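For the sequence shown, full-length UniProt numbering begins at 1 and goes up steadily by one. One structure is given below, encoded as structure tokens.
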Amino acid sequence: MATSIVETITPAKAQEYLEKFSGQNRNISKAVVDSYSLSMREGKWLLNGEPIVFDIHGVIQNGYHRLHACTKAGVPFQTFVVRGVEPEVFTTFDCGRHRTVGQLIGMQGVKHYNAVASTVQLSYRLKSGHAVGETVSATKRLGKTNSDMINYFNSDRELFIACGKFAVEMRECPILDASIIGGTTHYLTRYGGYDVEFVKNFFRMVCSYDTCKINCINLLRKRLLKNKSSKLEKMNKNVLYALIIKTWNAYVTGAGESVKILKFDTERDEYPKFILNK
1 MATSIVETIT PAKAQEYLEK FSGQNRNISK AVVDSYSLSM REGKWLLNGE
51 PIVFDIHGVI QNGYHRLHAC TKAGVPFQTF VVRGVEPEVF TTFDCGRHRT
101 VGQLIGMQGV KHYNAVASTV QLSYRLKSGH AVGETVSATK RLGKTNSDMI
151 NYFNSDRELF IACGKFAVEM RECPILDASI IGGTTHYLTR YGGYDVEFVK
201 NFFRMVCSYD TCKINCINLL RKRLLKNKSS KLEKMNKNVL YALIIKTWNA
251 YVTGAGESVK ILKFDTERDE YPKFILNK
């Protein structure tokens with residue numbers, strides 16, 4: 001019968017498990033190990049329901065990345081440990097490299113991990129010059145793995161977390177996806193040359209229910225509210241994002257108060273680009 005307990009795994013114990021009980025069943029992602037070890041080293045790793053699993057023969061069936069991360073970090077961590085499962089259960093595990101980017105970030109103790117993950121993915125799309133509204137996932141469309149996305153997240157971890165948190169805070173007026181708010185805020189801050197509070201203030205005005213003196217923002221908000229409440233066909237996401245870009249450009253150039261019409265024609269208009277502060 002399988003048993004489950006909470007154990008504190010030291011680096012020495014993790015190394016012992018890897019040396020004595022490893023099977024030949026796992027390719028290790030360096031990016032995932034690096035990401036996990038960073039969280040452990042910084043004390044941000046949290047006890048969650050994801051166990052280290054040993055089968056009836058003592059072979060590790062789940063948890064390789066965490067054990068490798070522990071040895072790399074040089075600090076202990078707490079985890080559930082399950083022993084005594086059948087070897088066949090390996091086929092049912094959602095291994096580290098098959099988890100979503102959000103799940104991988106969440107395992108590092110990051111709050112609002114799905115919002116942070118969507119922030120990472122949209123920022124990467126913008127940085128890479130890809131369309132915002134494609135239906136397939138960012139990693140598949142860009143030919144990038146979860147490890148690539150985790151590396152990108154770790155390259156600017158604190159700002160990504162801050163932008164994801166900000167996106168969640170804007171949910172009181174849910175007219176924009178967290179990915180658009182968080183990803184755009186990160187992109188314009190890191191690659192656009194703008195102060196993060198300047199970008200946040202733009203989205204605060206857009207997501208506010210109050211009319212402001214900058215008319216382009218009022219026009220955008222009206223379109224977004226109409227789109228949100230529509231029970232029929234929703235606005236194409238790339239059209240929606242084009243309106244955001246046009247509004248931003250009017251805002252940063254000081255032309256926002258004089259804008260009377262906000263529109264984008266997919267057949268006639270060239271897709272807009274953000275005006276950057278460089």
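No residue lacks a Cβ here, since even glycine has one placed at the ideal position from N, Cα and C. Please read these numbers as outputs of a predicted model, since none were measured by experiment.
Can we say the segment 151 to 164 touches the segment 214 to 223, given the rule of at least three CB pairs closer than 8 Å?
-> no
Sheet register partners of Q78 (DSSP bridge) = T8
Beta-ladder partner(s) of F54, from DSSP | I60, R83
Please state whether DSSP places T184 in a helix, a strand or coil.
-> helix
How would you call K20, buried or exposed, if buried means at least 16 neighbouring beta carbons within 10 angstroms?
-> exposed
Minimum C-alpha distance to Q103 - residue among E50, V85, K72, T8 | E50
Examine the Cβ distances between the segment 254 to 268 and the segment 178 to 187 and report whether three or more of them are shorter than 8 Å.
-> no
A167 versus Y187, S37, K200, residue with shortest Cα-Cα distance = K200
Using only alpha-carbon positions, find the residue among N277, M205, E233, L67 that is nearest to G256.
-> M205
Burial state of I28 (16 or more Cβ within 10 Å) | exposed
Buried versus exposed, by CB contacts within 10 Å (16 or more), K226 = exposed
Just reading off the alpha helix (DSSP H) that T247 is part of, what are its end residues?
-> 237 to 252
Touch test, the segment 104 to 120 against the segment 69 to 82, Cβ-Cβ under 8 Å, three pairs minimum = no
Bounding residues of the alpha helix (DSSP H) (the contiguous stretch that carries V206) = 196 to 206
Return the bridge partner residues of T3 from the DSSP annotation.
-> R83
Would you please state the rounded distance, in angstroms, between the beta carbons of H65 and V32? I believe it to be under 8 Å.
-> 5 Å
Express the C-alpha separation of P174 and T135 in angstroms, rounding to a whole number.
-> Model confidence at T135 stands at a pLDDT of 45, short of 50, so the residue's coordinates are unreliable and nothing is read from them.
Nearest to Y113 by alpha carbon, out of H57, C70, A178?
-> A178
Would a C-beta distance cut-off of 8 Å place F274 and A242 closer than the cut-off?
-> no
What separation, rounded to the nearest whole angstrom, lies between the Cα atoms of N238 and T71?
-> 45 Å
Could you give the C-beta distance for L67 and I52, rounded to a whole number, given that I count them as a contact under 8 Å?
-> 7 Å
Which ranges does the alpha helix (DSSP H) cover as unbroken runs of at least 4 residues, wholly within the segment 12 to 46, from first to last along the chain?
-> 30 to 41
What do you get for S258, buried or exposed, if any count of 16 or more other CB atoms within 10 angstroms of its CB means buried?
-> exposed
Collapsed DSSP secondary structure at G102 in the structure displayed = helix
Alpha-carbon to alpha-carbon, G84 and S37 | 27 Å
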